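Protein chains: 2
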Amino acid sequence: MTLHGKLFIGSTLATGNGDTTRPTSPLDNRLLEPGFHQAAETDVDAAMSLAEEAFTAYRRTSGEQRAGFLEAMSNEIMELGDALIDRGHLETGLPKPRLVGERGRTCGQLKMFADLVRDGSWTDARIDTALPDREPLPKPDLRRMLSPLGPVVVFGASNFPLAFSVAGGDTASALAVGCPVVVKAHSAHPGTAELVATAIGKAVAGCGMPPGVFSMLHGRGSVVGIALVKHPLTCAAGFTGSREGGRALFDAAVARPVPIPVFAEMSSLNPVFLLPEALQRRSEAIAEGLTESFTLGVGQFCTKPGLVFGVSGDALTRFQEQLCARVTAAAPATMLHAGICATFHEGLSHARQVSGASVLAESSQAADPGQTHGEPVVMQTDAETFLSQPQLAKEVFGPFTLVVAGQSIEELEKVAAGLEGQLTATLHGTEADLAEAGGLVRILERKAGRLIVNGFPTGVEVCPSMNHGGPYPATTDARFTSVGTAAIQRWARPICYQDFPAELLPAELQDSNPRGVRQLRDGVVS
Amino acid sequence: MTLHGKLFIGSTLATGNGDTTRPTSPLDNRLLEPGFHQAAETDVDAAMSLAEEAFTAYRRTSGEQRAGFLEAMSNEIMELGDALIDRGHLETGLPKPRLVGERGRTCGQLKMFADLVRDGSWTDARIDTALPDREPLPKPDLRRMLSPLGPVVVFGASNFPLAFSVAGGDTASALAVGCPVVVKAHSAHPGTAELVATAIGKAVAGCGMPPGVFSMLHGRGSVVGIALVKHPLTCAAGFTGSREGGRALFDAAVARPVPIPVFAEMSSLNPVFLLPEALQRRSEAIAEGLTESFTLGVGQFCTKPGLVFGVSGDALTRFQEQLCARVTAAAPATMLHAGICATFHEGLSHARQVSGASVLAESSQAADPGQTHGEPVVMQTDAETFLSQPQLAKEVFGPFTLVVAGQSIEELEKVAAGLEGQLTATLHGTEADLAEAGGLVRILERKAGRLIVNGFPTGVEVCPSMNHGGPYPATTDARFTSVGTAAIQRWARPICYQDFPAELLPAELQDSNPRGVRQLRDGVVS
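Residue numbers (the working numbering), protein chains in the order written: chain A, 1 to 526; chain B, 527 to 1052.
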């Protein structure tokens, strides 16, 4: 498969503003072919206008039709075969088995949303029938359901080049609702993006969807990304990336004449609290699990545990020794791109300079800059230093974690209460530990979107109960998740129909319920 | 009942910054007693700190406990008896029967949210049970439910001194979820606000709720209101009022280091489309219903129909004559306060100056400034003028509406497509009209939160299917409603619990389901 490097404006390939950029392989720092065309303002406008045009027809497709489209996307992505895995490996440095797994997750997500919209109950259909004889005033017939917002902009994330990128969860959930999608491809894996966009284009054509339902642009986030968010036809945006990047998009979105929602997932330390008896009894297993979790994917997960809290004492000392042994033995590995690698080493260097914090262990192997290596590092400090040095509470994206020793559970509760918003928070405890941990749990419920007992935060299950979100700065909107079936709610708003004739009502709200969706009828679930 | 004019900081009465202001009765422009103390920054901080303190206990109360509290609020408000109605009439000029009706609605809302939280299904409890033997990775046990955001700020609205004010829908829904509330009382009805706050205080004490669960401040919106929204402990805010006021609060909220949601309901023209055959057959009834709707409450409803569209011709001319007769006979009436009355007359005066628009009819009785009168007025224009004069698409809050004549349905569709976001849009049509109206309905679905056939937008039913919201500038967030059971969703966010022991789980997520809530268990509704 030869890559063309062009922009996808619906079914048309475009060459942008004339500039092209070539990605670099993090495996060996070599420039890759081809050059990828950078979008001009006119491309942004063309893609958004086509999306708006497509919305008229696309919002009226049935759940069944959209389900078929999502499944076709999944099939077309599988049809790309090894070419996708090979290019992904070249552009991201991620091992091929990981990419095969991620492709499975991506297709699984598409199928999950297909099932969800085929079922149709996500529309939260509600019917309150009329009471024409009610006194003093008759009650009208009222019916309400969730409907798609309109064209959505999705930003590909570098750390999941498939599952949070061109056909990732944001795109899948927005298309499932009935929103056309314009993707801003991540500049680190434009070829991978092009392959997936080509697969989506085939699904669009094969399913007879309006071409504007999907477009994809290349270009700089600060230019093309901001222009997409500011475009008057854009109704919402989804982003996963840095805190600075997400906040810039959010700020642009809320300063518009007509503000729009931006779902930006940005930054999280994912604190882990080791309770005394668990540390006493299972320090070895925790050290093993923690090392695996914070080095998984070279530490490039939003849910990487970057902070570990325990109470000072023999058990914590033993745990640190066990952790030390494992981290020393852990090998450096290729990070996603030179920028992330540089930011990782900058973060490390800042942390090392904090007085009162020191390196507990680091990989015994030197990191090779020629292979864009990140090396596993653990640092240690005490709770007092942690509280007084805000630098230590900044996310270091990569295989790094910080062990913080407190004098008591009370001191750790105080530290917990001062944390910023998080995607996750974790407790390790025995039955006896947990019986005493209610206070800490109450604090962490205010801080995080997902709380975990005796596990690790990496590994985000895709299911109805998942919440992948959390208070700022974990995300810009803690009320929504970007993973799991509830992710669909980000792209919808309710519309109420009063005294409508059946013929003008959406199928989901008709008495005959031709799509067989769950309806709340006069307060009773049907 | 003697009014004290003080601030409610939980159960403590405070005197603010030393300044007091006295409200004016719109009935006769006379200053009323007492002076009301204006909040200082320290009062804002005290109220928010107490709210945060109360949240720890209040969020853990059961739905049953909060239901009892909401019902006690309703009872205490009824206990105020005629004193509330009398003071309300004096401060707002609204007729006493209207205030009696609004009190009924207010208490009805409190009871509706009591029923809703007693039932508990609003928490959207989801359970995905573990699959420890799943390959390649075991699936953890995941459970998710909606939880309260934290302290909420509510702004009393002038046009519903009970139902959208101190104990109105925002307060009721926030308290129902488990969020403490700090109310910024509206300066036009501070005595009415004090009476209701006193009733709530009794309910707080009687139900043993933490005192900080409710506070109420007086003060200027641009000072105290903004300070409340900017306070770091504030987690969300609800507002109903002007477009400028709502946007100022929104801008302050999103510029915070930690942005928070502001649900501002602001501005809506509520367009009404009169289709040809309906106009032919029922012009008299439509003229009657429209006059009643746009003059109801002296036109001071957010859902007042302020724009009426029809196709030029004999039927529209006849309708305009019928409307003319009714509006000429309609009497001026007292508006809520001098500021609203002045803004109404300013809006009228601007509309009158638009070339191509003219007065179709106005009340034959002169408006008495000594009674803060607003007089019913209808103007007319054609679609071309409407499209070229943005002034005509500005809300004139009060008993005013504008009839716009188009050359064809196609021209009216073009006008509809250019409208800003609306709370409602209405169609009047016969069966034959509606069979042709699909295109117009599709356009209006993009524009409004509620679509009405053969009715009028005033009169907002409080029920599960209601959506009182809409695209900007109708509200700052079209994804949520401020009326009906779904209003509760504004104050909640999901929290997910992974592999939690039953003892640490909220009751709603336990297998034993002690509160008997609806659970989505492994994808199946129980």
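Every residue gets a Cβ at the ideal spot worked out from N, C-alpha and C, and that includes glycine.
Only a predicted model underlies this, so the values are computations on that prediction, with no experimental measurement involved.
If we count the other Cβ atoms within 10 Å of its Cβ and call it buried at 16 or more, is asparagine 796(B) buried or exposed?
So asparagine 796(B) counts as buried.
Per the DSSP calculation, cysteine 496(A) is bridged to which residue(s)?
Paired residues: Arg144(A) and Arg976(B).
Give me, in chain order, the residues of the same chain whose beta-carbon lies closer than 7 Å to that of isoleucine 535(B); leave out the 5 immediate sequence neighbours on both sides.
Result list for isoleucine 535(B): Asp569, Ala572, Ala573, Leu576 and Ser741, in chain order.
For glutamate 413(A), would you say it is in contact with chain B, using Cβ-to-Cβ distances shorter than 8 Å as the test?
Answer no: the Cβ-Cβ gap between glutamate 413(A) and chain B never drops below 8 Å.
Starting from alanine 405(A), follow the beta strand (DSSP E) in both directions and report where the run begins and ends.
Note, alanine 405(A): beta strand (DSSP E), 400-406.
Please tell me whether tyrosine 584(B) has its Cβ less than 8 Å away from any Cβ of chain A.
No, because no Cβ of chain A sits closer than 8 Å to the Cβ of tyrosine 584(B).
Along the region 963-991 of chain B, what residues have a CB closer than 9 Å to any CB found in chain A?
Result list: Ala963, Gly964, Val967, Arg968, Glu971, Arg972, Ala974, Gly975, Arg976, Leu977, Ile978, Val979, Asn980, Gly981, Pro983, Gly985, Glu987, Cys989, Pro990 and Ser991.
Can you give me the Cβ contacts of threonine 106(A) inside the same chain, cut-off strictly under 7 Å, excluding the 5 residues immediately before and after it?
Closer than 7 Å at Cβ, skipping near neighbours: Ile77, Leu162, Ala163, Ala167 and Gly168.
Please classify methionine 599(B) as buried or exposed, where buried requires at least 16 other C-beta atoms within 10 Å of its C-beta.
Classification for methionine 599(B): buried.
Apply the 10 Å Cβ neighbour rule to serine 349(A) and answer buried if 16 or more other Cβ atoms are within range, or exposed otherwise.
So serine 349(A) counts as exposed.
Classify glycine 924(B): buried if its beta carbon has 16 or more other beta carbons within 10 angstroms, exposed otherwise.
Its Cβ being crowded by 16 or more others within 10 Å, glycine 924(B) is buried.
Assign glutamate 395(A) to one of three DSSP states: helix, strand, or coil.
Glutamate 395(A): coil per DSSP, three-state reduction.
Would you say the beta carbon of valine 359(A) is closer than 7 Å to some non-hydrogen atom of the ligand PLP?
Of ligands this structure carries none, so the ligand PLP is not represented either.
By the criterion of Cβ-Cβ separation under 9 Å, what are the contact partners of lysine 665(B) in chain A?
Neighbours of lysine 665(B) on chain A, chain order: Glu461 and Cys463.
When burial is assigned at 16 or more other CB atoms within 10 Å of the CB, is leucine 31(A) buried or exposed?
With fewer than 16 other Cβ atoms within 10 Å, it is exposed.
In whole angstroms, give me the CA-to-CA distance for alanine 205(A) and threonine 123(A).
C-alpha separation (whole angstroms): 27 Å.
If we count the other Cβ atoms within 10 Å of its Cβ and call it buried at 16 or more, is methionine 145(A) buried or exposed?
Counting Cβ neighbours within 10 Å, methionine 145(A) comes out buried, since at least 16 surround it.
Specify whether the region 1010-1029 of chain B and the region 772-784 of chain B touch according to this definition: at least 3 beta carbon pairs, one from each stretch, less than 8 Å apart.
As far as the Cβ criterion goes, the region 1010-1029 of chain B does not touch the region 772-784 of chain B, which means the pair count is below three.
Hey, does cysteine 179(A) have any beta-carbon neighbour from chain B nearer than 8 Å?
No, cysteine 179(A) does not count as interfacial toward chain B.
Can you check whether the CB of proline 494(A) is closer than 8 Å to the CB of proline 1046(B)?
The sequence shown places leucine at residue 1046(B), not proline. The answer is no: Cβ separation not under 8 Å.
Tell me whether glycine 16(A) is buried or exposed, calling it buried when 16 or more other Cβ atoms sit within 10 Å of its Cβ.
It counts as buried.
Indicate the three-state DSSP secondary structure (helix, strand or coil) for glycine 374(A) in the structure shown.
If DSSP states are grouped into helix, strand and coil, glycine 374(A) belongs with the strands.
Using a Cβ-Cβ cutoff of 7 Å, what residues of the region 996-1008 of chain B are near chain A? List them in chain order.
Cβ contacts with chain A come from Tyr998, Thr1002, Ala1004, Arg1005 and Thr1007.
Following the continuous alpha helix (DSSP H) through serine 512(A), name the residue where it begins and the one where it ends.
From DSSP, serine 512(A) is part of no alpha helix (DSSP H); its letter is neither H nor E.
Please list the segments of the alpha helix (DSSP H) lying wholly inside the region 274-313 of chain A, counting only runs of 4 or more residues, in order along the chain.
Taking only runs of at least 4 residues, the alpha helix (DSSP H) segments lying wholly in the region 274-313 of chain A are 276-295.
Inspect the beta-carbon positions of isoleucine 812(B) and phenylalanine 845(B) and report whether they are closer than 8 Å.
The answer is yes: Cβ separation under 8 Å.
In the DSSP output, what is histidine 37(A) paired with across the bridge?
DSSP output for histidine 37(A) lists Thr20(A) as bridge partner(s).
State the start and end residues of the unbroken beta strand (DSSP E) segment that holds glutamine 948(B).
Note, glutamine 948(B): beta strand (DSSP E), 948-954.
Would a check of beta-carbon distances place phenylalanine 799(B) closer than 8 Å to chain A?
No, no contact with chain A.
How about glutamine 917(B): is its C-beta nearer than 8 Å to some C-beta of chain A?
No, no contact with chain A.
Give me the residue from Gly975(B), Ala583(B) and Pro549(B) with the minimum Cα distance to glycine 439(A).
Checked all of Gly975(B), Ala583(B) and Pro549(B); the closest Cα to glycine 439(A) is Ala583(B).
In its own chain, which residues sit with a C-beta less than 6 Å from the C-beta of proline 132(A), not counting the 5 before and 5 after it?
The residues are Pro138.
Would you call the region 19-26 of chain A and the region 183-195 of chain A touching, i.e. three or more CB-CB distances under 8 Å?
Judged by Cβ distances under 8 Å, the region 19-26 of chain A makes contact with the region 183-195 of chain A, as three or more pairs qualify.
Specify the secondary structure class of valine 483(A) as computed by DSSP and reduced to three states.
Note: valine 483(A) maps to coil in three-state DSSP.
Would you say leucine 233(A) and proline 151(A) are within 8 Å of each other, going by their C-beta atoms?
The answer is yes: Cβ separation under 8 Å.
Looking only at its own chain, which residues have a Cβ that is under 7 Å from the Cβ of phenylalanine 686(B), when we skip the five neighbours before and after it?
Glu628 and Gly694.
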